[in-house]
Amino acid sequence: MIDPERPPYDELESRYGAPLGVEDARAQWGTLVRGATSGHTTLITRERWEWAALVPLSEVSGMLSGLPVVSLSTARGKLGELVRQVAQPYDETPVLLSRHRTPVAALVAARRLLERPAPRRRADPDELLRTGHTITLALDPWDRIIATARDGDGNEIATGSAGSAAGALRSLDFQGPAGWTTASGPG
Numbered sequence: 329m330i331d332p333e334r335p336p337y338d339e340l341e342s343r344y345g346a347p348l349g350v351e352d353a354r355a356q357w358g359t360l361v362r363g364a365t366s367g368h369t370t371l372i373t374r375e376r377w378e379w380a381a382l383v384p385l386s387e388v389s390g391m392l393s394g395l396p397v398v399s400l401s402t403a404r405g406k407l408g409e410l411v412r413q414v415a416q417p418y419d420e421t422p423v424l425l426s427r428h429r430t431p432v433a434a435l436v437a438a439r440r441l442l443e444r445p446a447p448r449r450r451a452d453p454d455e456l457l458r459t460g461h462t463i464t465l466a467l468d469p470w471d472r473i474i475a476t477a478r479d480g481d482g483n484e485i486a487t488g489s490a491g492s493a494a495g496a497l498r499s500l501d502f503q504g505p506a507g508w509t510t511a512s513g514p515g
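The sequence shown begins at 329 in the numbering used here and counts up one residue at a time.
Right under this line is the structure:
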């Protein structure tokens, strides 16, 4: 029997932000796909019961071979149908989204994300600086930029790395004590 209760999507909204409707997602499709290829998850909803998530390929567990593959341009036009397809209660098979026949992202049932631990919280560099923290940038031996945020006592609380300074700042993840629960500081 199908459970008529809405899954606890409030937890997903707190992790990934409010969902976009299918039409809004279509309008922002290029940006959303670029975000997914950079590790960002976006919730997409069709009506109030059917929820999917546009996720990076790293979020798809198991073998990718044998999964349905849809080109990005086709997916944009059929996004409502794809959200319905992946949100089915009995078949939660992800749909791979491809660019030039190479998978770049996936649509999965949003409720599958509830089974996973909450993602690490990103640190907001501007907020860290406003609240008295310091951020240092350094070049590692492999020419990657390392960003390190420290509290007033010099304790390392967040780190990030990328090929550019801007990317390293964007990738700052909290490493600090358990009391750090939000991107704006201690909770």
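All C-beta atoms in this analysis are idealised placements derived from N, C-alpha and C, irrespective of residue type, glycine included.
Span separating the alpha-carbon of residue i from that of residue j
i	j	result
residue 461	residue 406	46 Å
residue 489	residue 338	31 Å
residue 341	residue 417	20 Å
residue 422	residue 442	15 Å
residue 452	residue 501	9 Å
residue 404	residue 473	35 Å
residue 496	residue 415	35 Å
residue 346	residue 371	7 Å
residue 348	residue 401	18 Å
As assigned by DSSP and simplified to three states, the class of residue i
i	result
residue 399	strand
residue 462	strand
residue 348	strand
residue 469	coil
residue 516	Since the first residue shown for the chain is 329 and the last is 515, residue 516 is missing from the structure and cannot be characterised.
residue 431	strand
residue 444	coil
residue 477	strand
residue 392	coil
residue 416	coil
Residue interval of the beta strand (DSSP E) (run including residue i)
i	result
residue 488	484-490
residue 427	423-427
Candidates the options, of which the one nearest residue i by Cα
i	options	result
residue 387	499, 440, 502 and 486	440
residue 369	377, 360 and 338	360
residue 450	498, 457, 363 and 491	498
residue 493	485, 501 and 475	475
residue 397	457, 471, 412 and 435	435
residue 314	390, 348 and 379	Residue 314 is absent from the structure shown; the chain starts at 329 and stops at 515.
residue 430	339, 357 and 393	393
residue 384	351, 420, 480 and 432	432
residue 395	424, 419 and 437	424
residue 413	374, 426, 400 and 367	374
Extent of the continuous alpha helix (DSSP H) run through residue i
i	result
residue 439	438-441
residue 375	Segment: none, residue 375 is in no alpha helix (DSSP H) and carries neither H nor E.
residue 363	357-365
DSSP bridge partner residues for residue i (one or two, in chain order)
i	result
residue 384	433
residue 501	450 and 487
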